[in-house]
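Notes follow the structure.
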Ligand code: AMP
Ligand code: MG
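Residue numbers (the working numbering): 86 to 428.
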């Protein structure tokens with residue numbers, strides 16, 4: 086067991102020193118909390134996999150403090166990547182680009198590409214600058230669990246496993262970064278996230294959406310983002326996602342939810358599930374609020390008597406694509422469509 090220190094936003098130097106020494110630090114970002122290590126130190130990066138229980142073939146994202154660092158770790162950077170960096174960094178966008186040889190195999194899991202992002206959080210930007218190295222960081226949860234969106238979530242999963250967590254407040258976006266692969270003839274969305282697809286397409290034109298975003302992989306199928314093949318974001322109780330309009334999904338859940346059911350719903354419907362453990366994730370029309378609250382809602386059922394969770398699913402416009410994707414993955418793609426007009 087390691088003694089995990091809880092640091093504040095004033096402890097930039099202390100966090101940077103841990104990173105330089107090869108240790109692990111929970112870092113706040115605008116998307117979710119990350120589990121950071123020196124991204125140029127193979128032994129430090131291996132510790133991330135151990136602390137998370139992360140599968141060995143699931144690569145990490147390199148976090149940099151500004152776009153000028155992109156060329157250090159990536160080659161053949163296309164004009165499109167520069168435009169995206171200019172428009173959206175710092176921000177919730179990860180770009181997949183050809184890597185340079187100095188990026189350790191431990192970060193990319195041997196792939197010839199690397200994911201790079203510049204996070205929009207002043208504390209973490211200051212820590213990366215003070216450390217003077219890119220920070221490799223996946224989300225700071227134990228593998229398979231919902232991502233952490235506050236320092237308390239990080240401690241729940243990582244206390245005793247890492248040197249420190251820096252408390253930078255709750256995450257403003259709440260879902261992970263959008264991942265776009267720029268190494269293909271047509272850019273491809275590998276993971277919907279905090280930057281809406283519509284915003285990407287406004288800069289890039291058409292973006293292909295990887296099948297794994299909306300559907301489960303077939304047995305043996307090899308995804309382009311290796312992380313997509315694993316169970317993700319899952320609370321202990323099984324989740325069923327219900328798609329359709331708000332009234333129809335609420336009616337469906339009322340019929341199906343038995344004793345010890347948990348419900349994730351929009352604020353307008355929260356009174357409609359008496360006897361259930363209910364978590365609202367914000368108004369039906371406020372996808373930003375839903376993104377901020379979805380992981381906390383998923384986590385909150387652990388340690389309660391809830392044995393089955395039902396979730397109202399937002400439509401897929403804007404941030405809805407990312408919220409719906411996280412719910413569907415938490416459910417292992419156990420999805421039912423509520424018929425409109427059902428009683
Ligand atoms: P996490 O930060 O835990 O959400 O994990 C990082 C995500 O980025 C995972 O889904 C990885 O599969 C994905 N990723 C990282 N590097 C690459 C890469 N070179 N190519 C494709 N996906 C990547
Ligand atoms: Mg993750």
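Each residue gets a CB set at the ideal place from its N, CA and C atoms; glycine is no exception.
- In this structure, the alpha-carbon of residue 383 lies about 24 angstroms from that of residue 179.
- For residue 119, the uninterrupted beta strand (DSSP E) segment begins and ends at 119-123.
- For residue 324, the closest of 308, 336, 345, 311 by C-alpha to C-alpha distance is 345.
- DSSP places residue 183 inside the beta strand (DSSP E), whose first and last residues are 178-183.
- At a cut-off of 6 angstroms, the beta-carbon of residue 223 counts as near the ligand MG: some heavy atom of the ligand is closer than that.
- Checking the 6 angstroms criterion, the Cβ of residue 261 is within range of a heavy atom belonging to the ligand AMP.
- In this structure, 124 is the residue among 422, 116, 124 with its C-alpha nearest to the C-alpha of residue 149.
- Inter-residue distance for residue 218 and residue 89 is about 22 angstroms (C-alpha atoms, whole angstroms).
- If you draw a 10 Å sphere on the C-beta of residue 271, you find fewer than 16 other C-beta atoms in it, and that means exposed.
- DSSP places residue 211 inside the alpha helix (DSSP H), whose first and last residues are 207-216.
- Contact annotation, residue 91 with residue 100: C-beta distance approximately 11 angstroms; criterion of less than 8 angstroms not satisfied.
- Taking a 10 Å sphere around the C-beta of residue 419, we find fewer than 16 other C-beta atoms and assign the residue as exposed.
- For residue 138, there is no enclosing alpha helix (DSSP H), as DSSP gives it neither H nor E.
- The C-beta of residue 151 has fewer than 16 other C-beta atoms within 10 Å across all chains shown, which makes the residue exposed.
- In this structure, 248 is the residue among 248, 185, 342 with its C-alpha nearest to the C-alpha of residue 132.
- Between residue 137 and residue 121, the alpha-carbon positions lie close to 11 angstroms from each other.
- Boundaries cannot be given for residue 317, as no beta strand (DSSP E) includes it and DSSP labels it neither H nor E.
- Going by C-alpha positions, residue 304 is about 34 angstroms away from residue 336.
- Within the DSSP bridge table, the entry for residue 221 names 122, 147 as partners.
- Distance between residue 354 and residue 227, taken at the CA atoms: about 32 angstroms.
- If you compare the alpha carbons of 260, 320, 358 with that of residue 334, the shortest gap goes to 358.
- Under a 10 Å Cβ-count criterion, residue 156 is classified as exposed, with fewer than 16 other Cβ atoms of the shown protein chains found around its own Cβ.
- Following the DSSP letters along the chain, one finds residue 292 in no beta strand (DSSP E), marked with neither H nor E.
- Per DSSP, the unbroken beta strand (DSSP E) holding residue 347 starts and ends at 346-350.
- Beta-bridge annotation (DSSP): residue 285 is not paired with any residue.
- When DSSP states are grouped into helix, strand and coil, residue 420 belongs to the strand group.
- The segment 249-261 and the segment 376-391 touch, with three or more beta-carbon pairs separated by less than 8 angstroms.
- In this structure, the CA atom of residue 263 is about 12 angstroms from the CA atom of residue 286.
- Annotation for residue 365: the continuous beta strand (DSSP E) segment containing it runs 362-365.
- Sequence-distant partners of residue 401 (beyond 5 residues in either direction) whose C-beta falls short of 7 angstroms from its own C-beta, in its chain, are 409.
- Within 6 angstroms of the C-beta of residue 310 there is at least one heavy atom belonging to the ligand AMP.
- The Cβ atoms of residue 223 and residue 407 lie no closer than 7 angstroms to each other.
- Shortest Cα-Cα distance from residue 160 to any of 134, 146, 188, 142 involves 188.
- Taking a C-beta distance under 7 angstroms as the contact criterion, residue 225 and residue 118 qualify as a contact pair.
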